[in-house]
Each structure stands twice: as structure tokens, then as C-alpha cells.
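Just add 50 to wherever you are in the sequence shown, counting from 1, and you've got the numbering used here.
Since the structure comes first, as C-alpha cells, the remarks are kept for the end.
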Amino acid sequence: MTNDQQIIDFIAGKGKVRVVEIADKFDMELEDARSRTLALIESGDLVESNGFSPAGIACKVYDAKGVISASAVKTAPSFPAPVTRTIETPRTSSGSRSKADIAMGFILEKGQATSAELRDLLGLTGSQSASGYLASAIKSGRIIKDGQLFRAGDGKPIKKPAKTKGPAIEIASTETVTTEQAAPKMADFRIGLWSDGVIELQRNGVTVVQINQAERDHLMQFMSSVKIPAFV
């Protein structure tokens, strides 16, 4: 049996409705539809006004003014919760990272790395050495070099190079003084040769520079091509 709310929803969804349309919609007798409509007008659920039939004949029409049909109510769409994805950047993908950063990241992640591992990681060939790229990190103590092994440091600058299997070659301090001009004092100036061919220069126990094999060859070529004046 049709209830009053169904009639109200039908009128609210369609707009101005004639009694005959209500009767057709709910398969009711015309008089039953009329009496139900009048009852809803008395209860304040419907409003009666003058209108016209499709043929242009004047008639009464009914509107559920101010009433929203339950079927016409729109609810907000429900969307699934967004899925958060974490994209892992490959460790060896350089992008804008320098070779020094790549090598340091590899050592810090593993705790230590051999010279051969770093050469493969950085794609070094020939006489190229990872020591040249890590010279600044070794000097600052972030990386410790022990022969062919690199490991994470404590961030304290080193005072002396780590011991290797073979002793480092050193130049003894010398001092020559004449009455005309004094030669520069070599105050604890040391030159060390690492087992992988890297030359390290220290002054007063502090590393000044590390020169890899390629840089060493270039320096030797330069030294042999120029005449260096002697102190007299």
C-alpha cells in the first residue's frame, strides 16, 4: 500500500503534479488520490496552486514546496583511502651526486669497503684510485684509510696516516743557513707513499694534500720540464 511519504517524495522529485498523475503513478483510484492529497495539504506537507494540464486546461497542481525527496538527496561520493608508496632510490644511482658522495655513502652503509669495491662502484679504470676522491673525507676524519681498506671514521681529523704493511717513505727534516739567505725551514714536513701509489703530504702532522697516481705522474712530468731555482 502506498504511504504518504512515497507520495511526497514523488511530488518533490517531479515538481508540480496533478491528482491524475498521482493516481497513475501509484495505481490508485482518482478519488483516493484526491483525498490523500487533500490530507497532505491539511498536514502542511503539500501546497496547492493553479496550473494547467498538457492540453492547456486549467487545473489544480500540487507541490511539495520546501520538501526534498529522499531519492533526490545526493551524498558525497566515497573514495578509497589514498595509498602511500615509498620509492627507493637505488644506492648506486649517482644523479647529481659526486663520486666522492657515492663512495662515502657506500662505506658508511657497509661500515667498510675495499679499494677494489670502490673502483668497481665508481667505474674507475687504469691508474685511477678512490683515494683521490675521498681525500677530503680522509683528512676530516669522516673516512679512515688503512691500506686497501676504507672504513667509517669518527669525524676527528687525523694526525698521522694509518700504518700500512710497508713503511711510508719520509724525507728527513733539513735546514741550511747561509749569511746571505736562509732556506725555508722544513718544520716537520713529511711525504708518505701509500701502498696503492697515493702520495700524501703532511705539514706539522696535518695532511696537506693526497695525490693519486695520475696526478703524481702529471706532477713528475711538470717537475722534469721546469728549472727550479736553488737557494744560495
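Ideal Cβ placement from N, Cα and C applies to all residues, glycine included.
Selected residue, minimal CA-CA separation from residue i, among the options
{"i": "Leu199", "options": "Asp54, Lys206, Ile157", "result": "Ile157"}
{"i": "Ser99", "options": "Arg86, Ala62, Ile72, Arg68", "result": "Arg68"}
{"i": "Lys66", "options": "Gly161, Thr87, Gly173", "result": "Thr87"}
{"i": "Gly176", "options": "Asp246, Ser103, Gly242, Lys64", "result": "Asp246"}
{"i": "Asp54", "options": "Ser85, Val70, Ala163", "result": "Ser85"}
{"i": "Ala150", "options": "Ala62, Leu168, Met78", "result": "Leu168"}
{"i": "Asp82", "options": "Ile58, Thr52, Ala108", "result": "Thr52"}
Backbone secondary structure at residue i - three-state DSSP
{"i": "Arg201", "result": "strand"}
{"i": "Glu250", "result": "strand"}
{"i": "Asp170", "result": "helix"}
{"i": "Glu225", "result": "Any reading at Glu225 must be qualified, since the residue scores a pLDDT of 46, below 50, and its modelled position is unreliable; the value itself is stated next. The answer is coil: DSSP assigns Glu225 none of H, G, I, E or B."}
{"i": "Lys195", "result": "strand"}
{"i": "Gln178", "result": "coil"}
With 16 other Cβ atoms within 10 Å as the buried cut-off, status of residue i
{"i": "Ala114", "result": "buried"}
{"i": "Asp238", "result": "exposed"}
{"i": "Leu90", "result": "buried"}
{"i": "Arg253", "result": "exposed"}
Residue range of the unbroken beta strand (DSSP E) whose run includes residue i
{"i": "Ser99", "result": "97–102"}
{"i": "Gly242", "result": "239–243"}
{"i": "Thr164", "result": "162–164"}
{"i": "Ile107", "result": "Looking at the DSSP string, Ile107 is not in any beta strand (DSSP E), and its letter there is neither H nor E."}
Beta-carbon spacing of residue i, residue j below 8 Å
{"i": "Met154", "j": "Ala185", "result": "no"}
{"i": "Gln263", "j": "Glu250", "result": "no"}
{"i": "Val248", "j": "Ser179", "result": "yes"}
Start and end residues, alpha helix (DSSP H) containing residue i
{"i": "Val67", "result": "Run containing Val67: none; DSSP gives neither H nor E here."}
{"i": "Thr87", "result": "80–92"}
Any C-beta of chain C under 8 Å from that of residue i
{"i": "Gln55", "result": "In summary, chain C is missing from the structure at hand, where a single protein chain is found."}
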